[in-house]
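*Asks:* One structure follows; several queries about it will come next.
So this is what it looks like as structure tokens:
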């Protein structure tokens, strides 16, 4: 059961910021699990809300890979 209190120590972030940060993680060669763990520990996010945004970031990185003929591993 989720608490109704707000953790003031955790930061809030917009969807576009999540995607941008995740893309940065992936371009740095860091694994997706590390990116997911970072968001869940540092920001006030729910894993169910985070998954579609991380998938979008992966799609954007894949599109870039196709455009520039390179391959990153997740």
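In this note's numbering, the protein residues as written are 4 to 77. Virtual Cβ for every residue (Gly too), placed ideally from N, Cα, C. Just so we're clear, the structure is a prediction, and the values are computed from it rather than from any experiment.
(1) For my contact list, residue 50 and residue 38 are in at a C-beta cut-off of 8 Å; report their separation, rounded to the angstrom.
(2) DSSP state of residue 53, grouped into three classes?
(3) In its own chain, which residues sit with a C-beta less than 8 Å from the C-beta of residue 53, not counting the 5 before and 5 after it?
(4) Looking only at C-alpha atoms, which of 30, 31, 36, 46 sits nearest to residue 14?
(5) Out of 32, 18, 19, which one is the CA nearest neighbour of residue 68?
*Replies:* On the basis of the data shown:
(1) Between residue 50 and residue 38, the beta carbon gap of about 12 Å keeps them out of contact (Cβ cut-off 8 Å).
(2) Of the three classes helix, strand and coil, the one that applies to residue 53 here is helix, per DSSP.
(3) Counting only residues of its own chain and dropping the five nearest sequence neighbours on each side, residue 53 has a CB closer than 8 Å to the CB of 21, 39, 42, 43.
(4) Comparing Cα-Cα distances from residue 14 to each of 30, 31, 36, 46, the minimum goes to 46.
(5) The residue with the shortest Cα to Cα distance from residue 68 is 32.
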